[in-house]
Every structure is written in structure tokens, then in C-alpha cells.
Ligand SMILES: [Zn+2]
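Numbering (this note's numbering), first residue to last: 36 to 820.
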């Protein structure tokens, strides 16, 4: 009896451990070997910078003037470039990103398009409009003494040849460059997407608002794993830049307000006494203080000064420089105190035209402060003295300053989409200060290293702003539609920026969600948060690579994540684990008092459900043995399932042979369930199984992903419960991004779903009916009452 039980368990164990002789080289658990570069003295196997780690440095002294009549930028710069590398450099590369809007730009040449019956005017404009005379006009390239240096412009890059090679480790060279360019219209889709900055013209008041980005010739990065990173700027792969100190003098119309990277050096010369007083007050205020009010800005829109003013800024240890300027700017600021920060208070500030109110006035600076607090908690204390949000028609990030969209309707109402879009873009763009402005990854190569990590932290900031915040990325379920779609329009996260299909899903949504799954489901918050902070801290003000991130996350947490990086970052597999089958094994106790009533009930139920038995009961009033007693004997009244004295005696003898432990198990009444899983999506993931018991209670078991280590296609596991289970649910809280949950439940249920009836194909949810936003509807309802 006990023996048959033992055999049963043994059979189960066999099924669990019988791997199908997999080739270990193909296992999803094989360590990341050739995929990662060999560790060296620059970058260690632990993921930390090595003892010989080095990087270059570029310091800038720039004078720039904005011509508000012609929308032109004129600049002169002195770059002091320091060779930290152990190599002599006989030429250096400078980035000329404005050339992305040069009429001859490769970006235009390599943009693919097709004509179709519904080609829009915008598309047509993008194909035909070559009238804009964009790109850098380089006036000169000289050395420190003013002597011309030979240079070659290669599209968005410029090589400058040095008369004598820069000495390893210590060499310095001074470059002087003069240039100008026509500023592009930021609203023009043919020009704006790739240039990032530009001007916006407001026809109602005839004023311009400028956001200046990639506006000066900038040093390219030379490093230990690329040499010179001079991959052309085609529009998607952003910027990789060395750190340095900047002094920038910005000359603009005297009624403009300038928002710029760094700390204003001549506030007394450019601000009025009243503005200066308000600015000082904002430093100790716990809510935003208005320095230039909407009324003041609106008044200036009409007068338009013809004189000029120069705003002087200094910024230390930044990798880039951007600024905004306009007479339309409203300006508010608030001091933020952060534990351990180098600057206290840090000035959180916002600059925006009246068109951005009331949203920006209420939320922008508060959102900047919130971002600094949340990101600092998860990485390192924000090291810069200011953090600025500037309202502009699309979002983009630079050190200490970013340009963000989010404009209400003209009546001051706005939809929830605009409100949360505005908040999220401020969290996101301010968050970019951490990745990649400080943790300075190579954006031209890997978009995910800044956008993915930043989108993950943006999710943390959103969830710490409001409990039911409608986050776009982060929750596992948010990435399912992308990951379950056609593989021919996906590529792995580890794909060069320019070759990414579905940019937002691939480089923002998927890595952000993967990191959140690591934090909440695979590693747990304690291990994840420590490792993520360690990565951020190690690589602050340095240039990390993907391997440095992957290695640090493992090294600091003690969790083997090679399978996770391999599956989520190097493939387009998705998560689809199916709970194929559940087999219940009941234990035969051999106790006649327990087992025989079960057998009796089973026999009775079988008989009563038999179709012939039922039909005869209906059709035949009597049968032979009922009509004729002579046909009956002992067995007509005998029930083989009656417990007899000899049954009991036999059972007592059997029990005597058992040890107390065996006896306990026999009497425990436990339930044995064999669960068979198959991996249909490819990604191995932990198994999270909810047991819904017949009595209405439930329990959840977490099985690590390593359950797939011997066989990543099929696994079985036996679970023993005290109570009978009514239903098994895999991933009950939808935390693994499983793309098909219909196979997660056993027994299978009916999956509720809805379909929409469209009036006509492509008609949208309400067939293109105009919609008022909820604030407008509420106002209308209020007026009626
Ligand atoms: Zn971003």
C-alpha cells in the first residue's frame, strides 16, 4: 500500500527530472560570454570602472548672439580639449549636428517614403520642401594663436588636423571656431524632428520663442571601446559628448528672458531690482515664486525692444549646453533642499509663454522638484545647482535644462491626456539629467541606455506623484501589445539607435518595463534598488557601456541575470507560459473506513448516471429479479463496499508496519497536483502560481526562472496542498508581461473580452466626432445649473 504510494511519487520525480538532453550551448541559461566584451583594466568584470579608466575633457568659452530679425545664431567659441587617453592624437573630431537640416543632409536622402492615395500635405511638404538654408556655416577654425587649422567637413562631422599630435594623458589643444546658422522652424515637421531645437513663431503677437540645441560645434567622444565615436547624426541616435566647464555669454534683445544651463553670473545687469528681489525670495520658498509674471511678459510682447543685453552663465562638469530665449517667457523658481546634494538649495525653475498657462504655472516647477527628489533617492543626490523646465512645442533634454510640451486649450481647460502628458514629459526630460547627462552613456550607439533607464525612473516618479497615475510604461501589461505583435517589425533592445524599428516601444517602453519586472518580480526591491543605485553611482560623470550595466546589476545584487539580459535585451522573444495540464493524484490510504465509502459513492454515481439504467428506469416498470423472487440470492443484497471486520483487521496489521512519520503522511489527507507548463513565447520567467482552494481561500507560490534551467520548453512540478484546489492561475497579477493569459488558468475559463463596432473602417472610437475635454464639459454643466 505504502509501496504503491512511493511508486507514484517516484514516477512524478522521474517526469520532473527527465530533461530532453538539451544542447547546453543553446540553453537560455548559458552565461553571456561572447556577447559581452572581455573585461580589462578600463572596465572590470564587476561592471565598475577599472584602475586605468580614462576619459577626455572639453572646456568651452562661447559668445553667442541671436538675431531676432533674421532668426539667425552667430557664435564664436574657444574649446580647450584635454587628452586623457594613453594614445597620441594627431586629429580630432568635432560634431556639426546642425548639418542634419542642411539641404544636402543624409537624413533627407535616407528617409524612406511611399506615395499612396491618402498622402497628406505634411508628407508632401516633407518630400518637396528643400528651401530652408540650414546647417552650420563655419567661418574659421584656428589654433590658440589665431593660426588657421586644416579641417575637413564630413556631413555632420568635422575632422581637425593638428600640426603636432596631442600627447597621451596630458596633451591639450585650443581650438577657436566661428560660425553662424539659420535657425529652423521648430513647428515644421520637415525640419524639427531631427534638429531638436529651433524657433516657434506666435502669429497672434508676432513674437518668437527660441530653444537652442546642438547650436555649437561640439567635441566628439574618444573612448576605450569606440576610438572616435563619429557615427553620423541621422536624427535618431542622439549625442555622445565629453564633460567640461562652460562659460557662455548670450546676447539677445534686451527685453528677452534667457533660460540656460548653469548659473547666471551677471543677474544685477540683466534683471530688474524687483526681479532680483523675487529671485532671492524663491531660494527659500517651499512653493514656486513668480519672477516674471504673465502680465509683465504679455506687456513686453507688444513693445519689442531694439537694444541688446548679454546674459553670462557658467556651468561646471556638463556634457552639453542649451538655452531658451524669448520676451514671452514667464519665469518662476523654488529652492529645493536635498540630503547630500553639493548645492543646497537647488533652484527648480520654469520658463513658459502664457500659452502654457494655467498648466505650467501650477505644475512645472513642482514637477521639476519632484523629479529631483525621486531620482536622487534611486541614484545619487542631484549634483547641479539648477534644474529647468522650458515649455516648447516638443520635448528634449540637456544638462540642467529641458524643453517640454504641454499646452492647454485657449479657454484654459485641458484634457487629462494633456495634463498627464505634460507631467510625464517634465519628469522624463528633467530625469534625463541623470541618464545620460551625468551617467553619460553613448546615445549614438544605444538609445535604451538613457531612454530605457530614464523611462523606468520616470515610472517611479509618476507612481510617487499620484497612486493611480496613468503610467504609459512600467507595468508589465503595458508592453504586451508590442511584444506579442509580428516579429518582423521588432528588433532586440540591443540594436543600434538608427536601426530601431518602433523606437518608443523598443528603446523606452520595453527596457523600462523589463527593469520594473526585475525590480518587482525577479529580484525584489531591496536587491534591485541597491544594484541600480550602485550602477548610477559608479558611472556618474563617466561613460558606461551596456556590459557595465549588466555586470553591475549582477555583481551588486548577487542575482544571476544572464538569462534575463539574454532573453529580454538580445532577442525579440516574448513571455507566453502556458499551464497546459493539471493532474490530481489522490493518496490511497487503504483505510476501509475512508476508502470504501468513496468507492461506494463512485459506484452508485456511475450506475445512476448510466444512460441505459436511466432509460430503463423510465421505460420498464419492473425487471426480472423484481418480478420473480426466485431469481434472487445473497448477492442481490450484498454491497462489496461495506466495511467488514476482516477489512479492518487487515488495515490494522498494515498500519503496524508503518513508521510514525509514514503513518502521519498517510492520515494527512494531502492533495497532490502535477502541473505541466510549456514555454510558448521563448522568454523564461519565474512561475507565479495562485492556488484558489475550494473553500474560497487562496495562496500564491513564486518559483524562480531557474526552474527552466534543464529544459526551457516544458517543465512539470508537483505541488502538495492541505486543501482541494478549485483553480490554478499562472501570473495572477499580470506581472510577467505574459502575452496570452487565456492559457494561464486551469481549468480553462471563458475569457471576457469586448469588441468595438466601427461605423466605418478607420473611423476611430467615436467615428471622428469632435470631443470636448472633461473640464470643458464640467464648465458647461456648471453654467446650465
Ligand atoms: Zn527621453
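Each residue gets a CB set at the ideal place from its N, CA and C atoms; glycine is no exception.
Remember, it's a predicted structure, so these values are computed and weren't measured experimentally.
- Taking a contact to require three or more Cβ pairs closer than 8 Å, the segment 518–530 and the segment 594–607 qualify as touching.
- Exclusion of the five residues before and after residue 388 leaves 237, 244, 332, 361, 363, 364, 365 and 426 as the residues of its chain whose Cβ lies within less than 8 Å of its Cβ.
- Counting of Cβ neighbours within 10 angstroms places residue 783 among the exposed residues, the total staying below 16.
- Listed as beta-bridge partners of residue 386 by DSSP are 366 and 425.
- Scanning its chain for C-beta atoms nearer than 6 Å, with the 5 sequence neighbours on each side dropped, one finds around residue 808 the residues 448 and 450, in chain order.
- Judged by their CB atoms, residue 499 and residue 409 are nearer to each other than the 8 Å cut-off.
- In this structure, residue 317 places its C-beta atom within 8 Å of the C-beta atom of residue 368.
- Membership of residue 815 in any beta strand (DSSP E) is not indicated; the residue belongs instead to the alpha helix (DSSP H) covering 809–819.
- Distance from the Cα of residue 716 is smallest, within the candidate group 607, 329 and 650, for 607.
- Short of 6 Å from the beta carbon of residue 271, and not among the five residues preceding or following it, lie these beta carbons of its own chain, in chain order: 532 and 533.
- A heavy atom of ligand 1 is found nearer than 7 Å to the CB of residue 463.
- Put simply, the backbone Cα of residue 739 is about 20 Å away from that of residue 616.
- For residue 497, the shortest separation between its Cβ and any heavy atom of ligand 1 does not lie below 7 Å.
- Using a Cβ distance threshold of 8 Å, residue 749 and residue 781 do not count as a contacting pair.
- Under the Cβ criterion (8 Å, minimum of three pairs), the segment 512–523 counts as touching the segment 538–548.
- The beta carbons of residue 189 and residue 169 sit no closer together than 8 Å.
- Around the C-beta of residue 817, fewer than 16 other C-beta atoms lie within 10 Å, and the residue is accordingly described as exposed.
- Under DSSP, residue 765 takes part in a beta bridge, and its partners are 724.
- 8 Å or more divides the Cβ of residue 497 from the Cβ of residue 490.
- Leaving aside the five residues that flank residue 411 on each side, the residues in its chain whose CB is nearer than 6 Å to its CB run, in chain order, 373 and 417.
- Residue 294 has 359 as its beta-bridge partners, per DSSP.
- Under the three-state reduction of DSSP output, residue 78 falls in the strand class.
- By the neighbour-count criterion, in which 16 or more other beta carbons inside 10 Å mark a residue as buried, residue 132 falls on the buried side.
- Distance between residue 581 and residue 216, taken at the CA atoms: about 36 Å.
- Inter-segment contact for the segment 585–598 and the segment 78–85 is present: three or more beta-carbon pairs are separated by less than 8 Å.
- Only residues of its own chain outside the window of five on either side were considered, and among them 256, 264, 477, 478 and 479 have a CB closer than 7 Å to the CB of residue 275, listed in chain order.
- The segment 333–340 and the segment 283–294 touch, with three or more beta-carbon pairs separated by less than 8 Å.
- Your pair residue 457 and residue 394 checks out as a contact, with CB atoms roughly 6 Å apart and the cut at 8 Å.
- The segment 626–640 makes no contact with the segment 99–109: fewer than 3 CB pairs, one atom from each, lie closer than 8 Å.
- Burial state of residue 772 is buried, judged by a 10 Å Cβ sphere holding 16 or more other Cβ atoms.
- Contact between residue 178 and residue 209 holds: CB atoms are separated by about 6 Å, below the 8 Å threshold.
- In terms of Cβ geometry, residue 234 and residue 294 do not form a close pair [threshold 8 Å].
- Residues 727, 728 and 729 of the same chain have their beta carbon placed closer than 7 Å to that of residue 761, with the five preceding and five following residues left out of the count.
- For residue 310 against residue 326, the beta-carbon gap comes to about 5 Å, under 8 Å, which counts as contact.
- Distances from the CA of residue 428 to each of 562, 223 and 262 were compared; the closest alpha carbon is that of 223.
- Runs of beta strand (DSSP E) with 3 or more residues, each lying fully within the segment 146–200, are found at 172–177 and 186–189, listed in chain order.
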